[in-house]
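Okay, structure first, notes after.
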Amino acid sequence: MNSAAPHLLQTSTLSPTHHLPLPASLGRPTATVSAAQRILDSLHLVKASVPVQHRLVHTGDRIYEAGQPFKYLYVLNSGIFKTLNTSQDGREQVVGLHFKGDWLGFDGIASGHYGNDAVAMDTADVWCIHYDALCQAAMRNVPLMNLLHQAMSREISRDRNSLLSLCTLPADARVADFLRYWVDSLASRGLRTDQITLRMTRAEIGNYLGMTLETVSRALTRLAARQLIGFTAKGRRDILIPDVAQLVAFIESSQPAPRSATLQ
10 MNSAAPHLLQ
20 TSTLSPTHHL
30 PLPASLGRPT
40 ATVSAAQRIL
50 DSLHLVKASV
60 PVQHRLVHTG
70 DRIYEAGQPF
80 KYLYVLNSGI
90 FKTLNTSQDG
100 REQVVGLHFK
110 GDWLGFDGIA
120 SGHYGNDAVA
130 MDTADVWCIH
140 YDALCQAAMR
150 NVPLMNLLHQ
160 AMSREISRDR
170 NSLLSLCTLP
180 ADARVADFLR
190 YWVDSLASRG
200 LRTDQITLRM
210 TRAEIGNYLG
220 MTLETVSRAL
230 TRLAARQLIG
240 FTAKGRRDIL
250 IPDVAQLVAF
260 IESSQPAPRS
270 ATLQ
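Written out as structure tokens, the structure reads:
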């Protein structure tokens with residue numbers, strides 16, 4: 010198991026720069042600001058408002074593990090993470106995927122201990138923020154408090170949508186919805202979406218989606234046969250998505266029809 014205390018990029022804690030102005034996008038309606046700009050401005054606000062400690066982590070490093078005392082929240086300045094739950098017999102379950110701008114560690118607030126493991130899927134720059142310092146800063150800084158609440162709300166919505174997909178979509182649509190989520194996450198960070206490199210094996214994808222490796226592979230093959238996705242010459246982790254709108258239309262067509270209400 011990798012250490013939960015990864016190599017420190019900077020050993021000193023960076024103090025907040027209170028003189029920096031509030032990013033303009035944080036005062037404007039969400040619809041008028043690109044998602045990528047809003048993420049950048051949110052990171053700017055965090056760094057300007059509260060001390061952060063940088064950690065450089067590599068694939069497989071854990072920034073915290075289930076059961077460890079909760080002290081910090083973590084913000085991804087770059088990279089991709091997965092969160093894992095581990096059963097008593099040692100089986101790991103992927104329960105979340107996290108990209109630049111996402112927060113990690115909210116599950117530790119209520120119990121005082123982290124409830125899962127946070128594992129880097131590639132090289133990443135992580136900001137460690139002491140929770141007590143964050144709360145004190147948020148009480149004096151309404152935009153920071155709003156940002157914290159929004160991050161918590163997004164986490165709840167993400168969990169709800171993941172559960173809805175797991176419970177209502179057939180296998181092919183569930184895999185397509187996973188790809189759509191990955192594409193949306195990249196698009197909201199200003200990255201290309203016509204070709205994506207999955208940082209997960211087929212087995213890990215199946216673990217996350219509640220299906221076997223074989224089911225994932227067959228679903229990807231059928232999606233390719235429908236020309237909704239393609240594979241590059243480099244390998245089957247590199248997936249081409251020629252038309253995201255068609256992928257979304259396929260997912261929507263696979264959703265169960267809403268039940269009509271009946272009066273007793």
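Quick note: the sequence shown uses the numbering used here, first residue 10, plus one each step.
Using N, Cα and C, we set each Cβ at its ideal position, and we do this for glycine too.
Quick caveat: nothing in here was measured; it's all calculated off a predicted structure.
Assuming residue i contacts residue j (C-beta within less than 8 angstroms), just tell me the rounded distance between them.
i, j, result
"Y83", "L52", "The pair is not a contact, with the Cβ atoms about 13 angstroms apart (cut-off 8 angstroms)."
"D111", "G124", "So it is not a contact: roughly 16 angstroms between Cβ atoms."
"V66", "V135", "6 angstroms"
"D181", "L232", "6 angstroms"
"P179", "H122", "So it is not a contact: roughly 37 angstroms between Cβ atoms."
"V184", "A228", "4 angstroms"
Go ahead and pull the three-state DSSP assignment for residue i.
i, result
"R169", "helix"
"L237", "coil"
"S265", "A small correction: the amino acid at residue 265 is Pro; Ser does not occupy that position in the sequence shown. Reduced to three states, the DSSP call for P265 is coil."
"T68", "coil"
"V55", "helix"
"N94", "strand"
"E277", "Limits of the chain in this structure are 10 at one end and 273 at the other, which puts residue 277 out of reach."
"P8", "As shown, the chain starts at 10 and ends at 273. That puts residue 8 outside it, with no answer to give."
"D134", "strand"
"S87", "strand"
"D126", "strand"
"L8", "For the chain, the structure presents residues 10 to 273; residue 8 sits outside this window and is missing."
Work out the CA separation of residue j and residue i for me, nearest whole Å.
i, j, result
"S96", "Y217", "14 angstroms"
"I238", "L249", "5 angstroms"
"G199", "K109", "11 angstroms"
"A146", "G215", "41 angstroms"
"I165", "A196", "21 angstroms"
"L54", "G88", "19 angstroms"
"P251", "D203", "6 angstroms"
Exposed or buried, what is residue i when buried is set at 16 or more other beta-carbons lying within 10 Å of its beta-carbon?
i, result
"L188", "buried"
"D50", "buried"
"T92", "buried"
"H158", "exposed"
"D186", "buried"
"M209", "buried"
"A275", "The displayed coordinates of the chain run from 10 to 273. Any statement about residue 275 would go beyond what the structure contains."
"C137", "buried"
"D126", "buried"
"A258", "exposed"
"D70", "buried"
"A129", "buried"
"G105", "buried"
Could you tell me whether any non-hydrogen atom of the ligand GTP is closer than 7 angstroms to the CB of residue i?
i, result
"A129", "The model on display carries no ligand, and the ligand GTP is accordingly not part of it."
- Query: Taking only runs of the alpha helix (DSSP H) that begin and end inside the region 182-229, which ones reach a length of at least 4 residues, in chain order?
  - Reply: Counting whole runs of 4 or more residues, the region 182-229 contains the alpha helix (DSSP H) stretches 211-218.
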